[in-house]
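Position one of the sequence shown corresponds to residue 972 (my numbering), numbered consecutively onward. Idealized CB from N, CA, C, for every residue including glycine.
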Amino acid sequence: MSNTLVIYSTVDGQTKAICEQVRKINQELGATVTLASLDEAESLGLAQFDKILVAASIRYGKHRPELYQFINRHHAVLDAKKNAFFTVNVVARKPEKNTPETNPYVKKFLALSLWQPQQLAVFAGKIDYPKYRLFDKTMIRFIMWMTKGPTDTSGTFEFTDWNKVDEFARAFAER
């Protein structure tokens, strides 16, 4: 039985929702799992965990700066554990950009990070126009228009492939 920490950095909640599914599957497979936001993880003492998963969303083409700060502070502990990383972004809705090898945000993360995770994944996120403030709604709609995505601001569009999430979660549990 592993003692697993799942850390998430999310803006609108989809990354946390994916992490909750990963936690559920890992618990079903016998792991003890702690789910924590990036901020909460700072106080947990990473050394006590056997496995650590870090998950982060993209907003306007970037991971939050706090993600890199956390990783740079803790990369030695992360490297000493069984570990994994995934990113959540709407670009991954496109088949040609939905793997770690083809997703620009995974590539950018690996280039900027002191940590090189043992297991990588990328999941498509969610657009929830009704939930956004006017600025975000306008900007995201413009980005979607440019990339031929959904632009109906009355709608919510979930692109997450939950079967792919489940496969990742099982593979992480088996590490």
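Using the DSSP secondary-structure output, state which residues sit across from Thr-986 in a beta bridge. Numbered from its first residue, the sequence shown carries residue 986 at position 15. Answer by DSSP bridge pairing: none, since Thr-986 is not bridged.
Which partner residues does Lys-1097 have in the DSSP bridge list? By one-based count along the sequence shown, residue 1097 stands at place 126. Lys-1097 is bridged to Glu-1129.
Look at the Cβ atom of Lys-1135, then the Cβ atom of Phe-1094, and state whether they are nearer than 8 Å. Within the sequence shown, the letter at position 164 stands for residue 1135. Within the sequence shown, the letter at position 123 stands for residue 1094. Going by C-beta atoms, Lys-1135 is nearer than 8 Å to Phe-1094.
Give the secondary structure of Tyr-979 by DSSP, where H, G and I count as helix, E and B as strand, and everything else as coil. What you label residue 979 is simply residue 8 of the sequence shown in a count that begins at 1. In this structure, Tyr-979 counts as strand in the three-state DSSP scheme.
Arg-1104, buried or exposed, once every other Cβ within 10 Å from all chains shown has been counted against 16: Translated into positions along the sequence shown, residue 1104 becomes position 133. Flag for Arg-1104 reads exposed.
Checking the sheet assignment: what are the DSSP bridge partners for Arg-1027? Within the sequence shown, numbered from 1, the residue matching residue 1027 stands at position 56. This sequence places Ala at residue 1027; Arg is not what is there. In DSSP, Ala-1027 forms a bridge with Ser-980 and Thr-1058.
Assign Gly-1096 to buried or exposed, taking buried as 16 or more other Cβ atoms, counted over all protein chains shown, within 10 Å of its Cβ. Your numbering for residue 1096 matches position 125 in the sequence shown. The Cβ neighbour count for Gly-1096, taken over all protein chains shown within 10 Å, is at least 16; the residue is labelled buried.
Judging by CA-CA distance, which residue of Arg-1064, Tyr-1031, Phe-1128 and Ala-1027 is the nearest neighbour of Gln-1040? Numbered from its first residue, the sequence shown carries residue 1040 at position 69. Considering only alpha carbons, the answer is Ala-1027.
Do Phe-1143 and Gln-1090 count as a contact pair if the criterion is CB distance below 8 Å? Position 119 of the sequence shown, counted from the first residue, corresponds to residue 1090. Position 172 of the sequence shown, counted from the first residue, corresponds to residue 1143. Against a cut-off of 8 Å, the Cβ pair of Phe-1143 and Gln-1090 comes out as a contact.
Using the beta-carbon count (16 or more within 10 Å), is Asn-1043 buried or exposed? As a position in the sequence shown, residue 1043 is number 72, starting the count at 1. Exposed, because fewer than 16 other Cβ atoms sit within 10 Å of the Cβ of Asn-1043.
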